[in-house]
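Notes to accompany the following structure.
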Amino acid sequence: MPELPEVETIRAGAATHVLDRPIAAVEVLRERSVRRQGGGAAEFTARLRGCTLTAAVRRGKFLWFPLRGPDGVAEDAALLVHLGMSGQLRVMEGGSHPHLRVRIRFADGGQFWFIDQRTFGYLWVADLVPTLDGGPGGVGTLEYAPAVSDAGPLAQHNSALEHAALIPAPVAHIAPDLLDPRLAEPGGPQRRELVRRMRRGRRGIKRALLDQTLVSGIGNIYADEALWRSRVHYDRRTDVMPAAKAGAVLQSAREVMVDALAAGGTSFDSLYVHVNGDSGYFSRSLDVYGREGEPCRRCGRPIVREVFMNRSAAFCRNCQRPPRR
DNA sequence: AGGGCAACCTGGGGGC
DNA sequence: TGCCCCCAGGTTGCCC
Numbered sequence: 050m051p052e053l054p055e056v057e058t059i060r061a062g063a064a065t066h067v068l069d070r071p072i073a074a075v076e077v078l079r080e081r082s083v084r085r086q087g088g089g090a091a092e093f094t095a096r097l098r099g100c101t102l103t104a105a106v107r108r109g110k111f112l113w114f115p116l117r118g119p120d121g122v123a124e125d126a127a128l129l130v131h132l133g134m135s136g137q138l139r140v141m142e143g144g145s146h147p148h149l150r151v152r153i154r155f156a157d158g159g160q161f162w163f164i165d166q167r168t169f170g171y172l173w174v175a176d177l178v179p180t181l182d183g184g185p186g187g188v189g190t191l192e193y194a195p196a197v198s199d200a201g202p203l204a205q206h207n208s209a210l211e212h213a214a215l216i217p218a219p220v221a222h223i224a225p226d227l228l229d230p231r232l233a234e235p236g237g238p239q240r241r242e243l244v245r246r247m248r249r250g251r252r253g254i255k256r257a258l259l260d261q262t263l264v265s266g267i268g269n270i271y272a273d274e275a276l277w278r279s280r281v282h283y284d285r286r287t288d289v290m291p292a293a294k295a296g297a298v299l300q301s302a303r304e305v306m307v308d309a310l311a312a313g314g315t316s317f318d319s320l321y322v323h324v325n326g327d328s329g330y331f332s333r334s335l336d337v338y339g340r341e342g343e344p345c346r347r348c349g350r351p352i353v354r355e356v357f358m359n360r361s362a363a364f365c366r367n368c369q370r371p372p373r374r
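Quick look at the structure:
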């Protein structure tokens with residue numbers, strides 16, 4: 050289910066519930082859910098046992114928890130989570146679930162669950178490395194910290210930046226996201242550099258928005274929502290688009306995600322880090338996604354849906370004029 | 001180099 | 001009721 054706002058909601062919830070609780074045992078109920086771990090479930094469980102999670106950090110749709118070892122020394126590793134299409138993290142006391150894939154048992158008796166119906170998501174104890182992505186400005190190492198969100202309740206805690214210079218190696222190719230404080234400012238230098246990179250190369254705007262190496266966290270829903278808000282058709286080429294227009298799309302993307310985050314932040318309780326996918330903030334107001342045939346909230350024309358990049362694109366043909374082919 | 005696309009999975013829902 | 005096809009919010013890796 051998750052795009053950036055959902056993952057950030059989960060990050061914030063997890064940060065208040067699973068940190069500094071020693072891990073007593075780990076059960077991998079579906080090997081595929083740790084498929085990226087070289088040594089499989091055996092290595093995954095062995096590396097977690099006795100550790101504590103010291104922080105909850107996010108970049109785009111990736112979430113990770115730096116580890117402290119049984120000896121109290123920080124490991125150069127983190128529990129990395131990607132939720133894929135259907136992953137959930139929940140803080141539980143017990144019980145079971147048909148799609149429970151990994152169960153982490155804390156020494157205090159509590160449990161931390163990874164639930165994933167479609168198993169596109171995964172857990173991975175991955176090494177932390179200095180960030181090398183340079184990013185806009187291209188200065189290089191350490192310029193970009195992982196996205197310690199500016200929206201979560203533990204932002205201040207995290208933004209001690211104890212972990213900011215490190216990022217899981219598998220995430221190193223993922224760009225910062227629009228909640229990253231450096232990218233949050235509409236006219237800021239990082240934002241302008243992002244626009245420049247967006248407009249490099251011949252491709253449509255939606256393809257650029259979904260390119261996680263350009264800017265991360267935007268998925269199919271929020272891409273469509275951002276394009277509707279800024280009245281841009283999904284296939285408009287970025288290279289011939291005015292920079293201000295590309296910047297406006299980015300700003301819309303940030304705003305729609307911030308709105309969703311505001312809605313999502315209110316709906317989890319102490320038991321569930323993530324509510325059920327069909328309740329709570331899932332019902333946030335969307336303007337185009339899933340509204341095929343319903344009237345555009347601006348002009349009243351029906352929202353249409355087309356297949357693009359092997360997925361659906363929802364838009365208003367009147368407000369978002371397609372480019373001439 | 002960069003775009004296009006199948007593959008990876010497990011359902012749920014609609015049509016017949 | 002059963003069956004079949006389409007749909008689903010992501011990423012990777014291979015082919016061109």
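The numbering used here applies: residue 50 is where the first sequence begins, and numbers increase by one.
Backbone N, C-alpha and C define an ideal beta-carbon position, used for all residues, glycine too.
Under three-state DSSP, which class holds residue i?
i, result
"G201", "Confidence is the limiting factor: at G201 the pLDDT is only 43, short of 50, which leaves the residue's position unreliable and the question unanswerable from this model."
"E271", "Here residue 271 is Tyr; the residue named in the question, Glu, does not match the sequence. Y271 falls in the helix class under three-state DSSP."
"L128", "strand"
"T168", "coil"
"I153", "strand"
"M290", "coil"
"R248", "coil"
"E242", "helix"
"V305", "helix"
"P217", "strand"
"T190", "Here the model assigns T190 a pLDDT of 28, short of 50, so the residue's position is not dependable, and the following value carries that caveat. Of the three classes helix, strand and coil, the one that applies to T190 here is coil, per DSSP."
"P22", "This structure cannot settle anything about residue 22, because the visible part of the chain is limited to 50 through 374."
"I352", "strand"
"G296", "helix"
"G144", "coil"
"S334", "coil"
"L102", "strand"
"G370", "Residue 370 is actually Arg in this sequence, not Gly. Coil."
"L177", "strand"
"R107", "strand"
"R278", "helix"
"P344", "strand"
"A363", "strand"
"A224", "coil"
Given a cut-off of 9 angstroms, decide if residue j and residue i are closer than it, judged by their beta-carbon atoms.
i, j, result
"W162", "L128", "no"
"F155", "V130", "no"
"L243", "R303", "no"
"L454", "I59", "The shown model of the chain, from 50 to 374, leaves out residue 454, and the question about it has no answer."
"D336", "R278", "yes"
"A309", "S265", "no"
"V56", "G109", "yes"
"Y171", "E274", "no"
"G144", "P51", "no"
"G268", "L259", "yes"
Tell me which residues share the same chain as residue i and place their Cβ nearer than 6 angstroms to its Cβ, disregarding the 5 neighbours each side in the sequence.
i, result
"F169", "G133 and M134"
"W113", "V106, A127, L129 and P217"
"P71", "T101 and A156"
If I follow the unbroken beta strand (DSSP E) through residue i, where does it start and stop?
i, result
"E76", "I72 to V77"
"G136", "G136 to M141"
Which two residues bound the contiguous alpha helix (DSSP H) that contains residue i?
i, result
"G62", "L53 to H66"
"P95", "At residue 95 the sequence reads Ala, which differs from the Pro that was named. Segment G89 to L97, the alpha helix (DSSP H) holding A95."
"L378", "Residue 378 is absent from the structure shown; the chain starts at 50 and stops at 374."
"A257", "I254 to L259"
Looking only at its chain, what residues have a beta carbon closer than 7 angstroms to the beta carbon of residue i, apart from the 5 residues adjacent to it on each side?
i, result
"L177", "P115, D125, A126, A127, L215, I216 and P217"
"H206", "The pLDDT assigned to H206 is 34, lower than 50, so where the model puts this residue is not dependable, and the model offers no usable value."
"R366", "R350 and V353"
For residue i, I'd like the list of residues in its chain whose CB is within less than 8 angstroms of its CB, leaving aside the five on either flank, ordered along the chain.
i, result
"D69", "T101, L102 and T103"
"E344", "Here residue 344 turns out to be Pro, not Glu, going by the sequence shown. Cβ neighbours of P344 beyond the five flanking positions: R350, P351 and I352."
The stretch 250-268 touching the stretch 280-288, judged by at least three CB pairs closer than 8 angstroms:
Yes, the stretch 250-268 is in contact with the stretch 280-288.
For the stretch 295-304 against the stretch 234-242, do three or more pairs of beta-carbon atoms, one drawn from each stretch, fall closer than 8 angstroms, so that the two count as touching?
In this structure the stretch 295-304 lies against the stretch 234-242, because at least three pairs of beta carbons, one per stretch, are closer than 8 angstroms.
I want to know whether the stretch 70-79 touches the stretch 94-112 - three or more CB-CB distances under 8 angstroms.
Output reads yes: the stretch 94-112 touches the stretch 70-79.
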